[in-house]
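K.L.:
Numbering (full-length UniProt numbering), first residue to last: 1 to 274.
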């Protein structure tokens with residue numbers, strides 16, 4: 001191998017650069033570059049050199065192979081540094097004061113918290129923006145024609161609404177009314193009374209109360225509450241019976257597996273005795 005060493009002018013005073021060229025073998029003609037500190041410490045890569053020098057020198061424009069500073073990279077770094085300093089001195093404020101909007105398809109209200117990093121920032125609330133945004137009339141009709149299917153791809157039967165609930169609006173069906181009532185129960189804290197104005201039947205597009213579902217005013221009687229309680233009790237009873245039957249089936253299955261394992265153990269013992 002052939003070694004050449006000389007002073008590296010791009011590095012601080014006392015640093016040496018060494019080039020080692022291979023004369024034989026598969027890598028003949030290839031050369032490796034090393035750097036030596038004034039104390040004689042050897043460096044094989046640019047990261048090692050950068051870690052050793054630390055803040056003494058910026059090696060972003062230093063070419064480890066040639067031992068020179070690349071002027072093109074040096075000029076780009078200077079321009080980038082000057083641009084960053086100018087932008088930092090300008091202190092251009094962020095004029096966008098609107099809160100971020102959560103992109104979600106959920107019908108539930110999702111609160112969003114605005115976090116400010118600077119302690120002197122003051123967040124002012126706009127009373128006009130606090131008002132709920134206007135809703136599209138008869139938006140429930142978008143869900144028309146959509147059906148729910150179970151895991152066996154069979155149509156799930158929709159629940160039947162009481163006869164006292166009657167829809168309001170053009171083309172209002174039982175499915176549309178069910179969607180409107182379900183949405184009102186989830187998104188509104190106010191009681192569900194239906195459309196109290198009698199004029200809504202003449203012109204729903206003008207007199208419709210968007211905070212109430214698309215149904216006429218109704219009254220929940222004690223008889224309706226009693227029927228609903230009986231229905232809930234019946235469903236809970238059937239669920240209890242189904243869970244009990246499932247538990248007994250698991251117990252019988254475990255007992256059968258235990259007997260089978262016992263029989264296999266006895267047969268194996270008989271075979272060993274024979």
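Where is the CB? At the ideal position from N, CA and C, for every residue including glycine.
All values derive from a computational prediction rather than experimental measurement.
(1) Find out if the Cβ-Cβ distance for the pair residue 194, residue 137 is shorter than 8 Å.
(2) Quick check on residue 46: does DSSP put it in helix, strand or coil?
(3) Taking DSSP as the reference, what is the three-state secondary structure of residue 7?
(4) In three-state DSSP terms, what is residue 155?
(5) Using only alpha-carbon positions, find the residue among 1, 11, 7, 6 that is nearest to residue 21.
(6) Within 10 Å of its beta-carbon, does residue 11 have 16 or more other beta-carbons around it, so buried, or fewer, so exposed?
(7) Applying the criterion that 16 or more other CB atoms from any shown protein chain within 10 Å of the CB defines a buried residue, is residue 179 buried or exposed?
(8) I need the boundaries of the beta strand (DSSP E) containing residue 20, first residue and last residue.
(9) At a cut of 8 Å, does the region 182 to 193 reach the region 224 to 243 through at least three beta carbon pairs?
(10) Out of 166, 50, 139, 55, point me to the one whose CA is closest to residue 64's CA.
(11) Between residue 7 and residue 26, what straight-line distance do the alpha-carbon atoms span, to the nearest angstrom?
(12) Check for me: the alpha helix (DSSP H) holding residue 174 runs from which residue to which?
(13) Have a look at residue 103 and residue 199 and give me their C-alpha separation to the nearest angstrom.
(14) If we ignore side chains and look at the alpha-carbon of each, how far apart do residue 141 and residue 244 end up?
(15) Going by beta carbon distance, what residues of the same chain come within less than 8 Å of residue 149, once the five residues before and after it are set aside?
(16) What is the DSSP secondary structure of residue 221, counted as helix, strand or coil?
P.N.:
Taking the geometry as given:
(1) Your numbering for residue 194 matches position 194 in the chain shown. Your numbering for residue 137 matches position 137 in the chain shown. Not closer than 8 Å, so no.
(2) Numbered from 1 along the chain shown, position 46 holds the residue referred to as residue 46. If DSSP states are grouped into helix, strand and coil, residue 46 belongs with the helices.
(3) One-based indexing of the chain shown puts residue 7 at position 7. Strand at residue 7.
(4) Locating residue 155 in the chain shown gives position 155, where the first residue counts as 1. The answer is strand: DSSP assigns residue 155 an E or B state.
(5) On the chain shown, residue 21 is found 21 positions in, with the first residue counted as 1. Closest by alpha carbon: 1.
(6) For this step, residue 11 is matched to residue 11 along the chain shown. Burial call: buried.
(7) In the chain shown, residue 179 corresponds to position 179, counting from 1. Residue 179 comes out buried.
(8) Working through the chain shown from its first residue, we reach residue 20 at position 20. 16 to 21 is the span of the beta strand (DSSP E), which, as asked, contains residue 20.
(9) no
(10) The count along the chain shown starts at 1 and reaches residue 64 at position 64. Measuring from the Cα of residue 64, the nearest candidate turns out to be 50.
(11) Here residue 7 is taken as the residue at index 7 of the chain shown, counted from 1. Here residue 26 is taken as the residue at index 26 of the chain shown, counted from 1. The alpha-carbon atoms of residue 7 and residue 26 are separated by roughly 30 Å.
(12) For this step, residue 174 is matched to residue 174 along the chain shown. It spans 174 to 187 - the alpha helix (DSSP H) in which residue 174 sits, taken as one unbroken run.
(13) Mapped onto the chain shown, residue 103 falls at position 103. Mapped onto the chain shown, residue 199 falls at position 199. Any reading at residue 103 needs caution, since the residue's pLDDT is 47, under 50, leaving its predicted position unreliable; the model's value is listed next. Whole-angstrom Cα-Cα distance: 37 Å.
(14) On the chain shown, residue 141 is found 141 positions in, with the first residue counted as 1. On the chain shown, residue 244 is found 244 positions in, with the first residue counted as 1. Those two C-alpha atoms are separated by around 42 Å.
(15) For the purposes of this step, residue 149 is taken as the residue at position 149 of the chain shown. If we look at residue 149 and ignore the five residues flanking it on each side, its Cβ neighbours are 155, 156.
(16) What you label residue 221 is simply residue 221 of the chain shown in a count that begins at 1. Of the three classes helix, strand and coil, the one that applies to residue 221 here is coil, per DSSP.
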